[in-house]
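In the working numbering, the protein residues as written are 44 to 769.
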């Protein structure tokens, strides 16, 4: 036999959770048909319009209702009914009382206000304000919120809201949001629009029909869902982070949108489109060491950037709780760092299961150890998205303790993202000096189209490609930027010191450092931008303006070319620059007054635009005191292994004596034997890839001074010329 009271209570709970009335009535058993009238009444009450009389009249009516219930007067005595339906009469009376209270509350509410949510949990200091500029007052569990009201939490506090359809929103400590709009539709669908101002929130949204919507707006973008679990963080500068636990979330910002699946996150800033979806990680443990932008947390390296939000004083030894994203190159980039008082060490990350070995699995770019301690679903297969919880073993390996599957829908097929539109200007610098300390200024330009080509999360890196035996230390300051807008540039300094072996080296010895873009968060992709800095040892006094090359410095017979034009062959066809004129090649051709095809031939022979520009500048300088050295001859000598500093000494632009080509100072291979083909080939250390290393035309220095060398011959931003303090 059906217990009608229990069944009625259960149906009311389902109505409150958003189950359609028609579905409930269809499921009622025949012996409970008398409940249909009661349930229809309850559903109608939920959809009642909210009257909004004048505030003073509403207040008087509300006081009257309170007085009635304070005096113990309620609904009058009810007529006798059959004992079996006595509970139904009580239910109707209860519904009538509820209807009266709802009606009275609506009259006491400001015009246009509607019941929006109920506070189911309030821990610590939780406050509500009726609107902007209104006073804050304390609230507790069980209190209701109206559309237009704001809620905030204090230190160590939290609150949970429940909406009419059963969706939940939790505010963590030091968080605030506004219930901008809550609209209950006639078909029981609920549309919720929240505006989050600060802090961290978590949301569990009940699946609803297309009429329903759940939106969380922030200063940097909005998340729109119809049924999922996700988190939102808003920092002080308006930065917003969206992360998905289950389902999908559409993040919209600056007219663009991305879709996040389970285990993915994105970061946005005001006025910028959202970043591409990335796998996420979370780690809590002691901060063991800090080295520039890399923090070692519990044995795991984590990168921080200008966009990383740090709450608290993150000193070495502090316990930190970090959430961030796993970049395409495997770097763990921290988004939010919270300094906590205590807590167990935990670490987890998401990614695609790539390989399943006997004792180790590869997830994304990381390898984790698996054993009988690892809990996982035996049905897992490569290609599945998973979340890995792990701990650090004494030998440094990551021991997976749990691997759980994540439900992800296949992402839409999209064209590959363009490479970051970055370029160094200039891309080739020559520094002459005698001392061990050097400082060179550089500039990185974003030559893309705004706002589409804004670049975020830029990290510079370097490598020593010649003269590593002399190198002591290298520093790039600064070496990372959170955002470089299209059309803008940033400056940096390359500071390096050389060891005592440098002081014993002969004039003309070379050190070559290549600065490159080691990492870009958005757009994903490798940047071809390179800056090559060549340091030439110059300790002898500089020659006068009328000085001519010494006889011993003339090109030797073994290194002089037998041919002064590029060799015929594939390099004569500038097809590697594409079907249309390349802007940088066109600019160089126009500046030096040579055909575009000539510049294109050199580029297609493997020389970068920076080297081409330098060769033409050297040729122009040699022509100031006589016939200029042909560019083809300069490239032929370059192909023998001579550095640019060697060439400038050889042509009298810099003082010094060039070491024999067979014994270059850095151990490079000897020069070609006489009669060998002089066809220029790309120098091994410069790694040409056939791709222009930068975008639109750059300012090309005028003839008379090679790029990076002032007219007086001193190094730009480096040590003083010989005879100075070094």
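Each residue gets a CB set at the ideal place from its N, CA and C atoms; glycine is no exception.
Remember, it's a predicted structure, so these values are computed and weren't measured experimentally.
Counting only unbroken stretches of 3 or more residues, the beta strand (DSSP E) elements lying wholly within the region 163 to 215 are 169 to 172, 179 to 181, 187 to 189, 193 to 196, 201 to 206, 211 to 214, in sequence order.
A Cβ-Cβ contact shorter than 9 Å links residue 159 with residue 189. Separation of residue 551 and residue 474 (C-alpha to C-alpha, rounded to the nearest whole angstrom) is 11 Å. DSSP, reduced to helix, strand and coil, places residue 532 within a strand of the structure shown.
Take the alpha-carbon of residue 383 and the one of residue 515: they are about 39 Å apart.
DSSP, reduced to helix, strand and coil, places residue 53 within a helical segment of the structure shown. The C-beta distance from residue 390 to residue 439 rounds to 13 Å, too long to meet the 8 Å contact threshold. DSSP lists 212, 273 as the bridge partner or partners of residue 246.
Here residue 356 is exposed. Its C-beta has fewer than 16 other C-beta atoms within 10 Å. Straight-line measurement puts the Cα of residue 209 at about 32 Å from the Cα of residue 327. When the alpha-carbon of residue 339 is set against those of 517, 321, 374, the nearest one is in 374.
Under the three-state reduction of DSSP output, residue 547 falls in the helix class. Counting only the Cα atoms, residue 580 lies some 56 Å from residue 427. Under DSSP, the beta-bridge partners assigned to residue 327 are 364, 389. In the DSSP assignment, residue 662 falls within the unbroken alpha helix (DSSP H) covering 652 to 665. When secondary structure is reduced to three states using DSSP, residue 492 falls in the coil class, being assigned neither helix nor strand.
The three-state secondary structure of residue 678, taken from DSSP, is helix. Per DSSP, the beta bridge partners of residue 419 are 446. The alpha-carbon separation between residue 76 and residue 59 amounts to approximately 20 Å. A straight line joining the alpha-carbon of residue 658 with that of residue 642 spans about 11 Å. Secondary-structure assignment with DSSP links residue 451 through no beta bridge to anything. Counting along the chain, the unbroken alpha helix (DSSP H) around residue 646 starts and ends at 639 to 647. If the five residues before and after residue 436 are omitted, its C-beta is found closer than 8 Å to the C-beta atoms of 412, 442, all from its own chain and listed in chain order.
Fewer than three beta-carbon pairs drawn from the region 404 to 411 and the region 303 to 314 are found closer than 8 Å, and the two stretches are therefore not classed as touching.
Between residue 537 and residue 558 the beta-carbon gap is near 6 Å, inside 8 Å, which marks them as a contact. Taken through DSSP and simplified to helix, strand or coil, residue 78 comes out as helix.
Taking C-beta separations shorter than 6 Å and ignoring five residues to either side along the sequence, the partners of residue 354 in its chain run 381, following chain order.
Counting of Cβ neighbours within 10 angstroms places residue 262 among the buried residues, the total reaching 16 or more. Taken through DSSP and simplified to helix, strand or coil, residue 553 comes out as strand. Beta-bridge partners of residue 692 (DSSP): none assigned. Its chain contains 522, 523, 561, 562 as the residues whose beta carbon lies nearer than 7 Å to that of residue 502, once the 5 sequence neighbours on both sides are disregarded; these appear in chain order. Across the set 431, 420, 165, the C-alpha of 431 shows the shortest separation from the C-alpha of residue 408. Between residue 283 and residue 312, the C-beta spacing is below 9 Å. Using a Cβ distance threshold of 9 Å, residue 378 and residue 351 count as a contacting pair.
The C-beta distance from residue 264 to residue 317 rounds to 6 Å, short enough to fall under 8 Å. Under the three-state reduction of DSSP output, residue 70 falls in the helix class.
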